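Here the structure is laid out as structure tokens; the discussion comes afterwards.
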Amino acid sequence: MGLTIAQKIIKNHLLSGEMVPTQEIGLKIDQTLTQDATGTMAYLEFEAMGLARVKTERSVAYIDHNTLQSGFENADDHRFIQSACKKFGVYYSRPGNGICHQVHLERFAVPGKTLIGSDSHTPTAGGMGMLAIGAGGLDVAVAMGGGAYYIPMPKMVRVILKNKLSGWVAAKDIILEVLRQLSVKGGVGNIIEYAGDGVKTLSVPERATITNMGAELGATSSIFPSDENTLAFLKAQGRESDYVPLQPDEDAVYDQTIEIDLAALKPLAACPHSPDAVKPVSELAGMKIDQVCIGSCTNSSLLDMLKVAEILKGKTVAPNVSLAISPGSKQVLNMLADNGALSIMIAAGARILESTCGPCIGMGQSPNSGGVSLRTFNRNFEGRSGTKDAQVYLVSPETAAASAIAGVFCDPTKTLGQMPAFTLPEHFTINDNMIEPPASPEEASALATIKGPNIKECPNGSPLPENICAKLALKVGDNITTDHIMPAGAKILPFRSNVPKISTFCFTQCDPDFPERAKELGQSFIIGGANYGQGSSREHAALAPLYLGVKAVITKSFARIHRANLINAGILPLTFQNEADYDRFDLLDELCLPNIQQAIATGGPIVLQNKTKGFAVELDCPLSDRQKDMILEGGLLNYTKNHAGN
Ligand code: MIC
Ligand code: SF4
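Note that the sequence shown covers residues -17 to 628 in the numbering used here.
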């Protein structure tokens, strides 16, 4: 039986397990990336595990999330990460160099290799034919130390792209169409592979827009073939020697296949407050808008920016609109400056931001009350922009720029006329002067990491007790995101290195009293609905509940990265055998998991008693042997220490 592209890469990197869907496999990891908002914890964890030096082919730390520096905290985090990189053997991409996924695509991604990153949009590098997966910081720390990365063997989904996009319809519209068809849960447990004659019509940055938003499908990863377009991009980046061709075998078998006719696609928008609430832009045309933000790791490549400049040329941003543009990297910004496109944007009245995540993670540019904001980003969860009642729509750069000029939602295919040809340059401007190499191993041993006063130790779990009896501290519904569990934004992100402090914001979007209540209870449970923990890879969404005493989270189903983060933290991820049981629990019910230690160790039945209401229900907790040990020993940190040298 032939193999898919992802199966070929997995086969070449398989350290343990069998390639049977849902069974746990261990992968050799060639490259890692971290960003600053998750990176401080990852390097603290690396240090806490007693690891001396990274063992990967390439590990890179990016500073791109927390760059407002409204207090000393962010700058201290940057200094700590810089010192950890020097010591541990990691390349350090300085603030100003760009958004992790954009820079990684430009400078480091290699077809056929594996990458894990402490950021859910790490699959952006799948646009280059790399198997790139988002993970929690602890998993990245272990992989940096040479350990395997474990995932359930994914199923394979093929998306066949037919024909060619018409003018002003974009790669963003392709992934919005996939989201419309599959939903934010549709990718869970899957790798999405793109195929068909439409593939060759898309450049690497366009492919990367599509694989980037595979994260919104809940997919383990997304990947494109590596072909002549990949070679052209690598050549233009001066990295031709990194090229290897990659195609699926002709008789490769997929678990599911969908088809999209690119020629029939129209501009689309994801409506508030979910990336899969997709409608044609033509249905929204004429709606008054307040803000447009162009950038983020989804849509900030040179090609995107050149299209935006073309649309803005000689025009003025509508008086009712604030237009913010963040080019994705120093390379992009430099080239825009050199070729005059930046000047066109400035002349039109765009507000040029630094090459960072910025508004995408609520670091500034929050819309006005009830404001309608069009963003080229990947997430429009309620409140993520920093304005609770803002209405955020996710659109292509083309729709965003055309609407910024018009002052209302508008369909670029109807208003912009013929699209000129846009091509990638033959040579990008290459200047890696903001990527600092690590110290040599000899020099490194004399170096120390530098920690400011806001950098606290990461909390550690404790071994699983025989029984757990505690109250239900919170009950939430379906599709709870990690932004609900552990919100980000300018006020909260500065505390990513301080779990005691950041935990005071845990779940406050859903219930402002939760942190206080959980602390008072000492130990507690949380109940959630389907797809609990979708969205980011932030392990703070597990570490803060751990700090607040949450022992188990019981749901209808979990998102992949968050479930792994709970296990890494030593928190039990349990699911109802009968989803209808969800309705039988209320806040502050007294719950018990009798003999839970034995049930986990032996894989026996798990019973949850509701002492308040006098009934019991059955739960599931499918775990590999490795995960069982982790839960029994109180999480991955303990597990790694206990099993060091095994
Ligand atoms: C996001 O887009 O939500 C983030 C911020 O990049 C997160 C990481 C984090 O919370 O630091 C992600 O996607 O994993
Ligand atoms: Fe940054 Fe937004 Fe991309 Fe997350 S999704 S890495 S916050 S740009």
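Glycine included, every Cβ here is placed at the ideal spot set by N, Cα and C. Treat the numbers as computed from the prediction; the structure is a model and nothing was measured.
Less than 7 Å between the beta carbons of residue i and residue j, yes or no?
{"i": "T49", "j": "T338", "result": "yes"}
{"i": "V274", "j": "A152", "result": "no"}
{"i": "V166", "j": "D258", "result": "yes"}
{"i": "G517", "j": "K538", "result": "no"}
{"i": "Q347", "j": "A382", "result": "no"}
{"i": "P631", "j": "L525", "result": "Summary: the structure shown does not reach residue 631, with the chain confined to residues -17 through 628, and so no result is reported for it."}
{"i": "M23", "j": "G149", "result": "no"}
{"i": "M468", "j": "A384", "result": "no"}
{"i": "A107", "j": "A91", "result": "yes"}
{"i": "S506", "j": "A455", "result": "yes"}
{"i": "E380", "j": "K453", "result": "no"}
{"i": "G(-16)", "j": "D209", "result": "no"}
{"i": "E241", "j": "I174", "result": "no"}
{"i": "F404", "j": "K289", "result": "yes"}
{"i": "Y73", "j": "Q64", "result": "no"}
{"i": "G344", "j": "G471", "result": "yes"}
{"i": "A267", "j": "F391", "result": "yes"}
{"i": "A197", "j": "H103", "result": "yes"}
{"i": "A291", "j": "I326", "result": "yes"}
{"i": "Y25", "j": "A(-12)", "result": "no"}
{"i": "K438", "j": "F62", "result": "no"}
{"i": "Q17", "j": "C279", "result": "no"}
Whose CA, out of the options, lies closest to the CA of residue i?
{"i": "E55", "options": "I588, R478, R566, G596", "result": "R478"}
{"i": "T464", "options": "T490, P441, E29, S223", "result": "T490"}
{"i": "P435", "options": "E0, E448, P476, P423", "result": "P476"}
{"i": "N449", "options": "I474, Q373, T4, L590", "result": "L590"}
{"i": "G(-1)", "options": "G8, K(-7), I(-8), I(-9)", "result": "G8"}
{"i": "T630", "options": "A562, A246, S506, P77", "result": "Residue 630 is absent from the model: the chain starts at -17 and stops at 628."}
{"i": "T4", "options": "P134, M23, H83, I412", "result": "P134"}
{"i": "L294", "options": "D272, A329, C488", "result": "A329"}
{"i": "P604", "options": "I588, S422, T594", "result": "I588"}
{"i": "R35", "options": "L528, G129, E265, G180", "result": "G129"}
{"i": "I157", "options": "D237, K137, R189", "result": "R189"}
{"i": "E6", "options": "L(-4), L15, T14", "result": "L(-4)"}
{"i": "I462", "options": "G180, P447, C492", "result": "C492"}
{"i": "V139", "options": "G168, L97, K433", "result": "G168"}
{"i": "G353", "options": "C342, G340, Y375, E336", "result": "Y375"}
{"i": "A123", "options": "G277, M110, D101, G111", "result": "D101"}
{"i": "D393", "options": "C451, D121, L356", "result": "L356"}
{"i": "Q229", "options": "L161, G178, L570", "result": "G178"}
{"i": "V42", "options": "Y132, T14, D460", "result": "T14"}
{"i": "K137", "options": "T202, D121, K182", "result": "T202"}
{"i": "E222", "options": "I553, L244, P93", "result": "P93"}
{"i": "D121", "options": "S52, G171, N547", "result": "N547"}
{"i": "S282", "options": "S308, T298, V260, P262", "result": "S308"}
{"i": "E633", "options": "K261, H544, V532", "result": "With the chain represented from -17 up to 628, any question about residue 633 goes unanswered, as that position is not in the structure."}
Buried or exposed for residue i, please, with buried defined as at least 16 other CB atoms from any protein chain shown within 10 angstroms of its CB.
{"i": "Q219", "result": "buried"}
{"i": "L556", "result": "buried"}
{"i": "E39", "result": "exposed"}
{"i": "F629", "result": "Since the first and last residues shown for the chain are -17 and 628, residue 629 lies out of range."}
{"i": "H47", "result": "buried"}
{"i": "V235", "result": "exposed"}
{"i": "P482", "result": "exposed"}
{"i": "N413", "result": "exposed"}
{"i": "D602", "result": "exposed"}
{"i": "R566", "result": "exposed"}
{"i": "E336", "result": "buried"}
{"i": "P341", "result": "buried"}
{"i": "Q350", "result": "It should be noted that the sequence gives Asn, not Gln, for residue 350. By the 10 Å Cβ count, N350 comes out exposed."}
{"i": "M287", "result": "buried"}
Thinking residue i and residue j are a contact (beta carbons under 8 Å), I'd like their distance in whole angstroms, please.
{"i": "H656", "j": "I45", "result": "Summary: the structure shown does not reach residue 656, with the chain confined to residues -17 through 628, and so no result is reported for it."}
{"i": "L406", "j": "L285", "result": "6 Å"}
{"i": "A500", "j": "L530", "result": "4 Å"}
{"i": "K68", "j": "P420", "result": "6 Å"}
{"i": "G200", "j": "R542", "result": "7 Å"}
{"i": "P249", "j": "S378", "result": "6 Å"}
{"i": "V535", "j": "I578", "result": "Actually they do not touch by this definition, with Cβ atoms about 14 Å apart."}
{"i": "A443", "j": "N620", "result": "According to the sequence shown, residue 443 is Gly rather than Ala. About 7 Å separates the two Cβ atoms, so the contact holds."}
{"i": "A426", "j": "G71", "result": "7 Å"}
{"i": "N194", "j": "P105", "result": "7 Å"}
{"i": "N145", "j": "G109", "result": "Wrong, their Cβ atoms sit about 20 Å apart, outside the cutoff."}
{"i": "V303", "j": "D272", "result": "7 Å"}
{"i": "Y132", "j": "I11", "result": "No, Y132 and I11 are not in contact; Cβ-Cβ is about 11 Å, not under 8 Å."}
Quick check: is any heavy atom of the ligand SAM less than 6 Å from the C-beta of residue i?
{"i": "C279", "result": "The ligand SAM is not part of this structure, which contains only the ligand MIC and the ligand SF4."}
* Can you list every residue whose CB sits closer than 5 Å to some heavy atom of the ligand MIC, going in chain order? -> Here the residues close to the ligand MIC, judged by CB distance below 5 Å to any of its heavy atoms, are A19, T20, D101, S102, I343, S518, S519, R520 in chain order.
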